[in-house]
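Structure first, then comments.
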Amino acid sequence: MQSVSLPLSLAFPTLAPATKHLTAIAGSSRFHPSAAVSYGATSSSPFLRPEPSGESAEEAYWDYQFLFASQRSESPNPILLRIVEGSVPADLPRGIYYLIGPGLLSDDQGSSINPLDGHGYLRAFDFSGGDSVWYSAKYVETEAHREERDGETGRWRFTHRGTFSVLRKGKRVGNLKVMKNVANTCVVRWGGRLLCLWEGGDPYEIDPKTLRTIGTVDLIRDPDPKAGDHRSWPGEWRDFRDFGINVAAQLLKPILRGVFKMPPKRLLSHYKIDGERKRLIVLACSTEDMLLPRSNFTFYEFDGDFELKQRKEFIAEDHLLIHDWGFTDSYYVLMGNRIKLDMPGSLVAASGMAPMVSALAPNTRHNSTPIYLLPRFSADQQRDWRVPIEAPGQLWSTHFSNSFEEQGSHGGLVVQLQAAVCSYQWINFPKMFGYDWRSSRLDPAYMNATQGKEAMLSHLVNVKIKLDVGGACKECSVDEPSKHWRQSADFPVINPTFAGKKNSYVYAATCSGSRQFLPHFPFDTVVKLNCQDGSVSSWWAGSRRFIGEPTFVPRGSTEEDDGYILVAEYEVSKQMCYLVILDAKRIGKADAVKAKLEVPSFLRFPLGFHGFWANT
8 MQSVSLPLSL AFPTLAPATK HLTAIAGSSR FHPSAAVSYG ATSSSPFLRP
58 EPSGESAEEA YWDYQFLFAS QRSESPNPIL LRIVEGSVPA DLPRGIYYLI
108 GPGLLSDDQG SSINPLDGHG YLRAFDFSGG DSVWYSAKYV ETEAHREERD
158 GETGRWRFTH RGTFSVLRKG KRVGNLKVMK NVANTCVVRW GGRLLCLWEG
208 GDPYEIDPKT LRTIGTVDLI RDPDPKAGDH RSWPGEWRDF RDFGINVAAQ
258 LLKPILRGVF KMPPKRLLSH YKIDGERKRL IVLACSTEDM LLPRSNFTFY
308 EFDGDFELKQ RKEFIAEDHL LIHDWGFTDS YYVLMGNRIK LDMPGSLVAA
358 SGMAPMVSAL APNTRHNSTP IYLLPRFSAD QQRDWRVPIE APGQLWSTHF
408 SNSFEEQGSH GGLVVQLQAA VCSYQWINFP KMFGYDWRSS RLDPAYMNAT
458 QGKEAMLSHL VNVKIKLDVG GACKECSVDE PSKHWRQSAD FPVINPTFAG
508 KKNSYVYAAT CSGSRQFLPH FPFDTVVKLN CQDGSVSSWW AGSRRFIGEP
558 TFVPRGSTEE DDGYILVAEY EVSKQMCYLV ILDAKRIGKA DAVKAKLEVP
608 SFLRFPLGFH GFWANT
């Protein structure tokens, strides 16, 4: 195999593929779909037809590496993209599609890092000119970026450990630079300001047109006491356990904040937009609670001028890790991922010989999943929100597509959650994306379960909670959104104008199952699920082509699926990237693709995380 030519460089050493791992996942039957397929609510025909893919383990290994190959080049000056298929729809709203994700995963000293620790690389596709689409890309110039990149030579030397990585070169033992804010996870444009967010630090503000980094933004500063409802649960020391936790918290604060330079509160990367109230909602957690059997959640709601309209704080007596969440008219909704402190892992992590995240592990002691319905506006004295609703099964939530409430026929509310979840047994924090810190390689086998264990991987679920008139839970059920689609899936999205309201359609990145050695990840298909009747339709990118998160762009009508899907496509066989425009109504039809725009080969980029469409 040939190495990838500069300026795009492979993130990991060019060693022989892990064929013994890939062979282990090659035994189960695979499927090969047509480019566009549909499945009706009452149809009984097979969704996918069996057909071998004919790929090799080595080819699959290198395809996976390409998705995470570093891109060192930037394009601050916009470049006109070539349309290689179709044409840009005339009724596509004028706007800019922003996509954020890791851009650099290896330095010039031999260190390779987990994609979760990769420096944020912001891409912008500008549709303001109608048929002409202009592309620009630039690194978010974070504090870590300025320290690790030599401005004169352009060479990189990783000095921060990060949360999920181990440095092969540089300082390990005694390296206190753990919190590496790389601003690589989410992006949002609100109130005329463009923000790049990361899981655990202040967001970075970016110039929306030039992509120049302006600086950090302190969104969770101490609020004006006149701004909204600041009610929180009093932290009474009701027993010895509470006393012990509070003492431990006071001891941890100077260590985490002083020695490790961690902020008092960790702002999570995922935000929500309440279109009805025109509010941006963000969530923060106390830093020391990562190591304590309790969780402090603070929600902040901002209007279009970034004026803080509401701040509400909650303390739950549970050790939880939250990545994404939801909201309804009445509640903030958390599906808690229970964790615990791993003492052996903590010792190894503290030595610098394993990722810092090795100090944590999923807590599998419970056979249920805690769901917290936290009162958004009222005191909600009808039920004790501190007691979670326990959903059946151990569900580790990764991403929410939506949550909403309705008035039930029984007189109480019915709250529904649409999310991507996986098994606790699959979660291994240091190995996310298959990262092996011992060899500094990515092993695709981690993201692709062996036959019989596919249910452990990320998949979509609907959670329905029925509350009585007093707010008590009468029933909580977890179901598949469709009996016709049971493939691995993640990055679920909806028409954003339906956020917090009842919706019918969910779009997600999923797998066709056509690949023998990469059957579940990376994703290669956009699926459209009708949550009302269970019907399914999909668009397949093609052989050796993978996709990222889909983004819905409303066309402006009241029909929920009247709009377009934007999704980045990675054609690994040609080492090219594209932006594909799909007609959301036509997914499952041969004419679903409206346009495909080619990114110049010298600017092809690694797999992105999350995107945002901003009307101009």
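Numbering-wise (the working numbering), the sequence shown opens with residue 8 and increments by one. The C-beta atom is built at its ideal place from N, Cα and C for all residues, glycine as well.
* To do: Specify, as a first and last residue, the run of the alpha helix (DSSP H) that G352 falls within.
  => Segment M350 to S358, the alpha helix (DSSP H) holding G352.
* Starting from Y142, follow its DSSP beta bridges and name the residues at the other end. => I86 and F132
* Asked: Which residues bound the beta strand (DSSP E) around P317?
  -> Looking at the sequence itself, residue 317 is Gln, so the reference to Pro does not match. Run containing Q317: L315 to A323, per the beta strand (DSSP E) assignment.
* How would you label L87, buried or exposed, when you count the other beta carbons within 10 angstroms and need 16 or more for buried? -> exposed
* Asked: Can you find at least 3 beta carbon pairs, one from the stretch 81–95 and one from the stretch 534–553, that sit closer than 8 angstroms?
  -> no
* Buried versus exposed call for V194 [16 or more other C-beta atoms within 10 Å across all chains shown] -> Burial state of V194 is buried, judged by a 10 Å Cβ sphere holding 16 or more other Cβ atoms.
* To do: For E412, collect the residues of the same chain with a Cβ closer than 8 angstroms to its Cβ; drop the 5 residues on either side in sequence, then sort them by chain order.
  => T335, D336, S337, Y338, L420, V421, V422 and Q423
* Quick one: Cα of K592 to Cα of S465, how far? -> 26 angstroms
* **C-beta contact flag for L275 and G208 at 8 angstroms** => no
* Rounded to whole angstroms, what's the CA-CA distance from L573 to S358? Just pull it up for me. => Each residue's Cα considered, the two are about 44 angstroms apart.
* To do: Taking E81 as the reference, give the member of G595, Y71, L111 and Y104 with the closest Cα.
  => L111
* Asked: Quick one: what's got a C-beta closer than 6 angstroms to S52's C-beta in the same chain, skipping five residues either side?
  -> With a pLDDT of 29 at S52, under the threshold of 50, the predicted position of this residue should be treated as unreliable, though the coordinate-derived value follows. Correct list: empty, nothing qualifies.
* Asked: Checking contacts by CB at 8 angstroms: is F411 closer than that to chain D?
  -> Within the model displayed, chain D is absent; a lone protein chain is all it includes.
* Buried or exposed: which applies to Q425, given that a residue is buried once 16 or more other Cβ atoms fall within 10 Å of its Cβ? -> buried
* **Coil, strand or helix - Y585 by DSSP** => strand
* Can you pull the DSSP bridge partners for A151? -> Paired residue(s): none; A151 is not in a bridge.
* Using the Cα positions of K509 and R175, report the straight-line distance between them to the nearest angstrom. => If you take the alpha carbons of K509 and R175, they lie about 49 angstroms apart.
* Flag this pair as touching only if the stretch 425–439 and the stretch 368–377 have three or more C-beta atom pairs under 8 angstroms; answer yes or no. => Three or more beta-carbon pairs drawn from the stretch 425–439 and the stretch 368–377 are found closer than 8 angstroms, and the two stretches are therefore classed as touching.
* To do: Count the other CB atoms, across all protein chains shown, that sit within 10 Å of the CB of D138; report buried if there are 16 or more and exposed otherwise.
  => exposed
* **beta strand (DSSP E) segments (min. 3 residues) lying fully within the stretch 372–458** => 375–382, 396–399, 403–414 and 420–429
* Closest to I594 by CA distance: which of T504, A366, V513 and C584 is it? -> V513
* To do: Give a yes or no on whether the C-beta atoms belonging to A621 and R196 are separated by under 8 angstroms.
  => A contact, by the Cβ cut-off of 8 angstroms.
* Between the CA atoms of L380 and A398 - distance to the nearest angstrom -> Going by the C-alpha atoms only, they are around 12 angstroms apart.
* To do: Over the uninterrupted alpha helix (DSSP H) stretch that includes Y278, give me the two end residues.
  => Where Y278 is concerned, there is no enclosing alpha helix (DSSP H), given that its DSSP letter is neither H nor E.
* In this structure, does DSSP put L367 in helix, strand or coil? -> It is a strand residue.
* **Same chain, Cβ closer than 7 angstroms to G541, five either side skipped, listed in chain order** => A48, S489, K490 and H491
* Asked: From R393 to A479, what does the alpha carbon distance come to, in whole angstroms?
  -> 12 angstroms
* Asked: Does the ligand SAH have even one heavy atom less than 7 angstroms from the beta-carbon of S446?
  -> Within the structure as shown, the ligand SAH is missing, as the structure has no ligands at all.
* Which class does F334 belong to by DSSP, given the choice of helix, strand or coil? -> strand
* Straight-line CA distance for L367 to D349? -> Each residue's alpha carbon lies about 5 angstroms from the other.
* To do: Could you pull the start and end residues of the beta strand (DSSP E) that A602 belongs to?
  => V600 to V606
* Asked: So, is W152 buried or exposed, given that buried needs 16 or more other C-beta atoms within 10 angstroms?
  -> A small correction: the amino acid at residue 152 is His; Trp does not occupy that position in the sequence shown. Per the 10 Å Cβ criterion, buried.
* To do: Please state whether DSSP places T504 in a helix, a strand or coil.
  => helix
* Run through DSSP, which three-state label would D70 get? -> helix
* To do: Leaving out five residues on either side along the sequence, give the residues of the same chain with a beta carbon under 6 angstroms from the beta carbon of T170.
  => M363 and V364
* Asked: Using the C-alpha atoms, what's the distance from H527 back to L459?
  -> The displayed chain sequence assigns Gly, not Leu, to residue 459. Roughly 13 angstroms separates the two Cα atoms.
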